[in-house]
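Residue numbers (the working numbering): 537 to 963. Scroll down for the structure; my scribbles are underneath it.
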Amino acid sequence: MAVQTVATSSETTVDLGPAAALSCRECGHRVPLGPVFACEECFGPLEIAYDFSGYDTEELRRRIEAGPANIWRYAPLLPVPADVTDKPNLNPGWTKLVKADNLARELGVTGGLYVKDDSGNPTHSFKDRVVAQALEAARAFGFTTLSCSSTGNLAGAVGAAAARAGFRSCVFIPHDLEQGKVVMAAVYGGELVGIEGNYDDVNRFCSELIGDPAGEGWGFVNVNLRPYYAEGSKTLAYEICEQLGWRLPDQIVVPIASGSQLTKIDKGLQELIKLGLVEDRPYKIFGAQAEGCSPVSTAFKAGHDVVRPQKPNTIAKSLAIGNPADGPYVLDIARRTGGAVEDVTDAEVVDAIKLLARTEGIFAETAGGVTVGVTRKLIESGQLDPALTTVVLNTGDGLKTLDAVAGTGLTATIRPTLDSFREAGLA
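Structure follows, in structure tokens:
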């Protein structure tokens with residue numbers, strides 16, 4: 537493997553492991569590694585291109601299995617320095633892959649159903665993975681402030697990661713987020729700014745700030761650091777396959793916000809195949825959205841290649857991105873793999889949250905309710921085969937979205953007597 541280096545603003549060189557260049561997903565144009573996210577030729581999105589040459593499959597497998605119980609066990613496949621584990625980072629990942637037999641019985645799944653439960657990350661969502669990756673890029677490029685536009689979970693992940701690493705943080709959110717997510721983002725001591733408008737308005741503002749002198753020295757994890765940030769989602773694919781005994785799942789259901797998580801899970805699966813770490817065989821990827829913000833699902837069902845933006849109106853606020861950047865790529869992947877993109881109502885989201893909690897003891901946030909609800913809907917419609925191994929993602933903790941299940945409470949109130957207990961029908 538050729539080790540790549542990149543020059544920072546201070547004219548030093550930094551080891552970025554197997555990362556070789558930034559490559560445009562539209563035209564293939566390559567540029568040197570740096571804090572840029574759009575192609576100078578066609579304005580398409582940039583992503584990391586790697587040089588994995590020189591890897592021996594079995595040696596790489598042993599190296600991964602001997603690594604730490606976090607995402608850095610996959611450091612040989614990520615754009616990070618060799619000494620990444622020596623630096624202050626929240627070290628997320630290696631979360632539980634729960635064999636969900638009780639839920640499987642409820643849904644009629646016979647081929648094996650698993651929940652990849654990312655609520656076990658440091659700030660209780662999968663966003664810790666992508667922020668950990670972006671933080672290493674921020675260090676490499678000499679940024680001093682870590683920032684983002686966020687629907688909530690990312691704000692908390694950035695605040696926590698910055699606090700741990702000694703960075704200043706300033707994050708931007710829609711002004712009407714769930715209070716639990718506001719508190720979780722603010723508690724780390726960074727600056728938290730509410731923007732009047734929805735997530736798309738917040739994201740536009742952040743894009744403008746990058747080009748302003750006021751934004752100098754700022755690393756926006758999901759804007760100018762986006763190519764590096766997005767690679768953190770690949771670790772979900774790596775972990776799922778390793779936890780399944782180095783094999784691909786037959787089917788995987790992924791929530792869609794920007795769509796980046798789904799596209800990078802597919803990228804991770806393809807890399808494992810090319811490296812010989814898993815057997816090359818078919819798999820299907822399904823996307824899940826809430827009906828109140830379902831631009832990708834709408835496009836998929838209509839047979840369109842273009843995603844028309846929508847104004848979000850759903851309790852699943854962590855998925856409420858009306859103009860998803862990776863929407864067209866999600867459509868391509870769903871169609872290429874034989875999957876689909878489906879949506880569920882808010883009522884179905886709440887019912888699915890309760891179903892997962894009741895059957896498996898996993899309290900998911902609304903995004904997890906979306907994936908479970910969509911999984912049930914896909915089974916009922918015959919699009920998802922219940923006889924195949926299926927993995928469903930839960931990307932966050934239900935304690936962040938308590939409002940969604942408001943009204944869930946006491947079964948009964950009784951006097952402290954056995955007669956009262958029996959009268960309530962609890963005996």
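Ideal Cβ placement from N, Cα and C applies to all residues, glycine included.
Counting Cβ pairs closer than 8 Å, one from the segment 895 to 907 and one from the segment 931 to 941, do we hit at least three?
Below 8 Å, enough C-beta pairs join the segment 895 to 907 and the segment 931 to 941 to call them touching: three or more.
Proximity below 7 Å, CB of LEU633 to CB of ASP664
The answer is no: Cβ separation not under 7 Å.
Whose C-alpha, out of GLY839, ASN859 and VAL842, is nearest the C-alpha of PRO848?
Nearest C-alpha to PRO848: ASN859.
N- and C-terminal bounds of the alpha helix (DSSP H) containing THR907:
Here the alpha helix (DSSP H) through THR907 covers 902 to 917.
Look up PRO937 in the DSSP assignment and say whether it is helix, strand or coil.
In the sequence on display, residue 937 carries Thr and not Pro. Helix, per DSSP.
Three or more C-beta pairs closer than 8 Å, one from the segment 683 to 690 and one from the segment 757 to 766: is that the case here?
Yes: the two stretches touch, three or more of their Cβ pairs being nearer than 8 Å.
Once the 5 residues before and after THR548 are set aside, which same chain residues still bring their CB inside 6 Å of it?
Model confidence at THR548 stands at a pLDDT of 42, short of 50, so the residue's coordinates are unreliable and nothing is read from them.
Going straight from the alpha carbon of LEU813 to that of PRO785, what length do you get?
Put simply, the backbone Cα of LEU813 is about 14 Å away from that of PRO785.
Bridge partner(s) assigned by DSSP for ASN930:
Partner(s): ASP653.
First and last residue of the beta strand (DSSP E) that includes ILE821?
820 to 826 is the extent of the beta strand (DSSP E) around ILE821.
Can you name, in chain order, every residue of its own chain whose Cβ lies under 7 Å from the Cβ of GLY695, other than the five neighbours on each side?
If we look at GLY695 and ignore the five residues flanking it on each side, its Cβ neighbours are SER705, VAL707, ALA721, TYR724 and GLY726.
What are the boundary residues of the alpha helix (DSSP H) that VAL886 is part of?
Note, VAL886: alpha helix (DSSP H), 882 to 896.
Can you tell me whether DSSP reads GLN787 as helix, strand or coil?
Annotated three-state conformation of GLN787 is strand, per DSSP.
To the nearest angstrom, how far is it from the Cα of ASN569 to the Cα of CYS578?
Before going further, note that residue 569 is Leu rather than Asn in the sequence given. Looking at the two C-alpha atoms, the distance is approximately 18 Å.
Assuming ALA555 contacts ILE584 (C-beta within less than 8 Å), just tell me the rounded distance between them.
About 5 Å separates the two Cβ atoms, so the contact holds.
Nearest-angstrom Cα distance between THR544 and LEU552?
Confidence at THR544 is low in this model, with a pLDDT of 44, below 50, so the placement of that residue should be treated as unreliable; the coordinate-derived value is given next. Taking the straight line joining both Cα atoms gives about 12 Å.
Based on Cα-Cα distance, which residue from LYS635, PHE588, ALA574 and SER589 lies nearest to ILE776?
Considering only alpha carbons, the answer is LYS635.
With a floor of 3 residues, list each beta strand (DSSP E) that falls wholly inside the segment 586 to 668, ordered by position along the chain.
If one requires a minimum length of 3 residues, the beta strand (DSSP E) runs lying completely within the segment 586 to 668 are 632 to 635 and 649 to 653, in chain order.
Would CYS563 be called buried (16 or more neighbouring beta carbons within 10 Å of its own) or exposed?
Sixteen is the threshold: since fewer than 16 other Cβ atoms of the shown chains lie within 10 Å of the Cβ of CYS563, the residue is exposed.
Measuring alpha carbon to alpha carbon, tell me which of VAL941, GLY932, ARG871 and ARG894 ends up nearest ASP882.
Among VAL941, GLY932, ARG871 and ARG894, the Cα nearest to that of ASP882 is on VAL941.
Within 10 angstroms of the Cβ of GLY905, are there 16 or more other Cβ atoms? Answer buried if so, exposed if not.
Buried, by the Cβ-count rule.
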